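Below: the structure, in structure tokens.
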Amino acid sequence: MIETWIEVIFNIIVAIFLLAGSFFLISSSIGTIRFPDVYTRLHATTKASTLGIASLLIGAFLFLYIQHDIISGKLLLAIVFTLITSPVAAHMISRAAHRVGIKPVTKNRTDEYEQAIHKQKQQQK
Amino acid sequence: MNSLLNVTENIILIATIISITAIGISLILLVYRIISGPTNVDRAVALDAAGMNMMGMAALMAIMIPTTKLNDVILLIGVLLFIGTIGVAKYLEKGVIIDRDLD
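Chain order of the listed sequences is A and B. Read in the numbering used here, the first sequence has 576 at position 12, and its numbers run on one by one without any break. Read in the numbering used here, the second sequence has 1340 at position 20, and its numbers run on one by one without any break.
What follows is the structure in structure tokens.
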């Protein structure tokens, strides 16, 4: 009796996790379409995608644990790996974009990374 | 009691179908950004996001056809996505993927 109640509650939790993850993924994709710049697109993509992927994989993990009695360590490892490597990849891409020479859209403020590089070069001389 | 259990399992199935549809629409939007990105860096960003969506699609497929063989696929897509993104970023930055002078 109590086991069926636990199973019902976990099924609803799995459905909520899946819907939340797909919502964050599609919102990150809409941000990739709508934002005007490489850096703002990275801002939309990497954070919302990381949250959505973590939520979807937690949902899949709970589903496998409830339905098949399997504790899948690979899914947990995939969550941890995504949380570690996604900011690193975004940082590499943004630095590559700045070195290629793409100017950020700067309304009411200046390019602070460019100023920092300029100041460092002046200190080295 | 068993009818309530069946109802919640159907809720999981419907949620999975809705999520697959949403990720499909998301992939279509990302393919638009990949094709018509103004620069190559935009294409790299959109490819990164497309790989993330592929991981989610594999997880949803593992729920849809109840199997456990797809967990390796999810982990492998994550690892290859990271290595591919780093390679593309290094290529766009200097034109040299493996450089020996560690600056």
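For every residue, glycine included, the Cβ atom is placed at its ideal position computed from N, Cα and C. Computed from a predicted structure; not experimentally measured.
Leaving out the 5 sequence neighbours to the left and right, which residues in its chain are closer than 8 Å to residue i when beta-carbon positions are compared?
i	result
residue 581 of chain A	619, 620, 622, 623, 626
residue 642 of chain A	621
residue 1373 of chain B	1343, 1346, 1347, 1350
residue 630 of chain A	571, 574, 575, 578
For residue i, which residues in chain B fall below 9 Å Cβ to Cβ?
i	result
residue 621 of chain A	1375, 1376, 1379, 1394
Within 10 angstroms of its Cβ, does residue i collect 16 or more other Cβ (buried), or is it exposed?
i	result
residue 682 of chain A	exposed
residue 595 of chain A	buried
residue 575 of chain A	buried
residue 585 of chain A	buried
residue 677 of chain A	exposed
Measuring only between beta-carbons, confirm whether residue i sits less than 7 Å from chain B.
i	result
residue 638 of chain A	yes
residue 583 of chain A	yes
residue 599 of chain A	no
residue 647 of chain A	no
residue 604 of chain A	no
residue 618 of chain A	no
residue 627 of chain A	yes
residue 612 of chain A	no
residue 672 of chain A	no
Run down chain A in chain order and give the residues with a C-beta less than 9 Å from the C-beta of residue i.
i	result
residue 1385 of chain B	None at all; the shortest Cβ gap to chain A is about 12 Å.
Near residue i, what residues of its chain come up, given a Cβ to Cβ distance below 7 Å and the 5 sequence neighbours on each side ignored?
i	result
residue 1397 of chain B	1371, 1374, 1375, 1378
residue 657 of chain A	606
residue 1406 of chain B	none
residue 1362 of chain B	1353
Answer with yes or no whether the minimum CB distance from residue i to chain A is below 7 Å.
i	result
residue 1407 of chain B	no
residue 1363 of chain B	no
residue 1330 of chain B	no
residue 1303 of chain B	Absent from the model: residue 1303 of chain B. The displayed extent of chain B is 1321 to 1423, so no value can be given.
residue 1337 of chain B	no
residue 1354 of chain B	no
residue 1398 of chain B	yes
residue 1391 of chain B	yes
residue 1325 of chain B	yes
residue 1403 of chain B	no
residue 1367 of chain B	no
Locate the alpha helix (DSSP H) running through residue i, then write down its first and last residues.
i	result
residue 604 of chain A	602-632
residue 581 of chain A	566-598
residue 1355 of chain B	1322-1355
residue 650 of chain A	637-664
residue 1388 of chain B	First-last for residue 1388 of chain B: undefined, no H or E at that position.
residue 685 of chain A	676-688
Excluding the five sequence neighbours on either side, which residues of its own chain have a C-beta within less than 6 Å of the C-beta of residue i, listed in chain order?
i	result
residue 1340 of chain B	1380
residue 693 of chain A	Residue 693 of chain A is absent from the structure shown; chain A starts at 565 and stops at 689.
residue 650 of chain A	610, 614
residue 1368 of chain B	1405
In chain B, which residues lie less than 8 Å from residue i when you measure between Cβ atoms?
i	result
residue 669 of chain A	Those do not exist, as residue 669 of chain A stays about 12 Å from chain B at its closest Cβ, beyond 8 Å.
Whose Cβ in chain B lies nearer than 7 Å to the Cβ of residue i?
i	result
residue 571 of chain A	1325
residue 661 of chain A	1361
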